[in-house]
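Written below as structure tokens is the structure these notes are about.
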Amino acid sequence: MAEEPKKKDFWDKLAIVLHPTGGLLTAFAVAFVGMKGSQLLERRQAVETNARLYSEIMSRREAAESSLRKDMFVSIIGSFLGGDHEDLSARVLNLELLAYNFHDSLNLKPLFLEMQRRLRKSADPERGEYLRRINAVARETTAKQLFALEGHGRSFRRSVDFAELAAAGPAGVALDPETITLRKEAAEVALRVLKVDIGQQQLIVRLKVAAADGGEEVPDSRASFSVGFYDFPVIDNTRLPGGMRCAVTLSNFSPEAADLTTVCFPGEYASLKDRPYYDEVIQKLREANEGEQADIEAGGI
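In terms of our numbering, the sequence shown opens at residue 509 and continues consecutively.
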């Protein structure tokens with residue numbers, strides 16, 4: 509006697525219904541993943557294309573600006589050094605153009621001093637106005653550079669009284685020192701004013717940078733130099749250990765006193781022509797490697 513067919517229950521019927529549905533779902537899943545992967549790939553390619561396009565545009569823009577600056581510099585410096593030496597108005601204008609456009613890459617102090625000397629010897633009735641203009645652009649340039657450097661370093665201000673300086677004799681007047689942090693190490697920055705030239709509006713200053721509290725973390729650095737309105741901190745600065753720089757600028761000057769501003773900042777913000785020493789590069793690489801090693805050890809890798 510033949511067996512009766514087994515009656516299908518609910519689950520058997522459900523399996524019959526879902527069997528083709530599973531294939532459809534798999535097909536939909538594969539299609540969905542493929543579509544999302546394609547969209548992600550297209551988005552990544554678009555980002556890379558935009559980045560490459562932006563880089564090309566910026567490179568062309570920088571090349572165009574460099575070419576324009578080169579042509580401008582050749583034209584201005586040619587007019588300043590050549591041409592009619594008696595045309596003081598044109599020479600003052602050229603000096604202003606040089607200061608506004610190339611103050612971060614050229615040492616303009618010799619040009620300012622030469623212009624000042626010519627103006628003082630000139631009988632031109634406008635020489636007073638010309639002197640005011642070159643002094644104004646020099647102060648503006650110094651203030652602009654100080655503002656930029658103070659965002660990356662530390663600065664402080666001191667005043668010197670000329671009557672006190674005259675009474676002190678050749679030893680000069682020591683100004684109150686300032687303690688600042690150089691590459692995570694405390695250092696004491698001290699100034700001593702040795703001499704003043706009121707006619708030229710210049711001071712002879714001695715700078716000393718040493719570790720605070722007599723420590724040995726920061727090697728001593730000493731330097732003597734003149735400070736005037738034509739000394740710009742990005743260009744005229746003293747190298748310190750650890751790739752740091754220190755600059756002293758003249759903020760105000762009168763027949764009775766002068767105000768000095770001192771700023772210490774990382775060397776990478778100095779002039780474009782101020783290349784780091786070989787040992788400074790090695791020290792920075794060593795510090796970077798030590799920092800990476802410390803991060804690895806802290807992460808337990």
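Even glycine gets a Cβ: it sits at the ideal position worked out from N, Cα and C.
Remember, predicted model here, so these are calculated numbers, not experimental data.
**Item:** 8 Å Cβ shell around threonine 689 - same chain, five flanking residues per side excluded
**Value:** Taking the sequence shown and counting its residues from 1, the one referred to as residue 689 is at position 181. For threonine 689, where only same-chain residues beyond five positions count, the Cβ hits under 8 Å are Arg662 and Ala695.
**Request:** Would you identify the three-state DSSP class for valine 538, choosing helix, strand or coil?
**Result:** Looking up residue 538 in the sequence shown gives position 30. Of the three classes helix, strand and coil, the one that applies to valine 538 here is helix, per DSSP.
**Message:** Quick check: the Cα distance between glutamate 556 and valine 538, rounded to an integer number of angstroms?
**Reply:** Mapped onto the sequence shown, residue 556 falls at position 48. Mapped onto the sequence shown, residue 538 falls at position 30. If I take the Cα positions, the gap works out to 27 Å.
**Prompt:** What residues in its chain sit with their C-beta under 6 Å from that of tyrosine 638, if we drop five residues either side in the sequence?
**Reply:** Sequence index remark: in the sequence shown, residue 638 carries index 130 (1-based). The answer, listed in chain order, is Leu596, Val600 and Leu627.
**Asked** Under a Cβ-count criterion, where at least 16 other Cβ atoms within 10 Å of its own Cβ denotes burial, should serine 779 be classed as buried or exposed?
**Response** Locating residue 779 in the sequence shown gives position 271, counting from the first residue. So serine 779 counts as buried.
**Message:** Does glutamine 710 come out as helix, strand or coil in the three-state DSSP assignment?
**Reply:** Within the sequence shown, the letter at position 202 stands for residue 710. In this structure, glutamine 710 counts as strand in the three-state DSSP scheme.
**Message:** Pop quiz: arginine 691 and aspartate 767 are said to be a contact at Cβ under 8 Å. What is the actual Cβ separation, rounded to whole angstroms?
**Reply:** Mapped onto the sequence shown, residue 691 falls at position 183. Mapped onto the sequence shown, residue 767 falls at position 259. The pair is not a contact, with the Cβ atoms about 28 Å apart (cut-off 8 Å).
**Message:** With DSSP as the reference, identify every bridge partner of phenylalanine 733, one or two as the case may be.
**Reply:** For the purposes of this step, residue 733 is taken as the residue at position 225 of the sequence shown. According to DSSP, which records beta bridges pairwise, phenylalanine 733 is partnered with Val713.
**Request:** Going by CA-CA distance only, name the one from Ala656, Gln653, Glu658 and Leu702 that's closest to aspartate 669.
**Result:** As a first step, residue 669 is located in the sequence shown; it is residue number 161 there, counting from the start. The option with the nearest alpha carbon to aspartate 669 is Leu702.
**Where arginine 753 falls, given that 16 or more other Cβ within 10 Å makes a residue buried** = Locating residue 753 in the sequence shown gives position 245, where the first residue counts as 1. The residue is buried, with at least 16 neighbouring Cβ atoms inside 10 Å.
**Prompt:** Is DSSP giving isoleucine 743 helix, strand or coil here?
**Reply:** To locate residue 743, count along the sequence shown from 1; it is residue 235. Correct three-state label for isoleucine 743: coil.
**Message:** With H, G and I counted as helix, E and B as strand and the rest as coil, what does DSSP make of glutamate 693?
**Reply:** If you number the sequence shown from 1, residue 693 lands on position 185. It is a strand residue.
**Asked** Straight-line CA distance for leucine 616 to glutamine 553?
**Response** Here residue 616 corresponds to residue number 108 of the sequence shown, with the count starting at 1. Here residue 553 corresponds to residue number 45 of the sequence shown, with the count starting at 1. Near 48 Å, if we compare the C-alpha coordinates of glutamine 553 and leucine 616.
**Message:** So, for serine 762: in the same chain, excluding its five sequence neighbours on each side, which residues have a beta-carbon less than 6 Å away from its beta-carbon?
**Reply:** Counting from one through the sequence shown, the residue named residue 762 turns up at place 254. The answer is none, since no qualifying residue turns up.
**Request:** Have a look at methionine 623 and aspartate 705 and give me their C-alpha separation to the nearest angstrom.
**Result:** For the purposes of this step, residue 623 is identified with residue 115 of the sequence shown, where counting begins at 1. For the purposes of this step, residue 705 is identified with residue 197 of the sequence shown, where counting begins at 1. Roughly 18 Å between the two C-alpha positions.
**Request:** Mind checking who threonine 770 pairs with in its DSSP beta bridge?
**Result:** Position 262 of the sequence shown, counted from the start, is the residue given in the question as residue 770. Threonine 770 pairs with Phe664 and Val756.
**Request:** Grab me the residues of threonine 769's own chain with a C-beta within less than 7 Å of its C-beta, minus the 5 sequence neighbours each way, in chain order.
**Result:** Translated into the one-based positions of the sequence shown, residue 769 becomes position 261. Closer than 7 Å at the Cβ level, and outside the excluded window around threonine 769, lie Leu654, Ser663, Arg665, Thr757 and Ser759.
**Request:** Round the Cβ separation of arginine 714 and serine 732 to the nearest angstrom and send it over; I've been treating them as touching at under 8 Å.
**Result:** The residue given as residue 714 occupies position 206 in the sequence shown. The residue given as residue 732 occupies position 224 in the sequence shown. Rounded, the Cβ-Cβ distance is 5 Å, consistent with contact.
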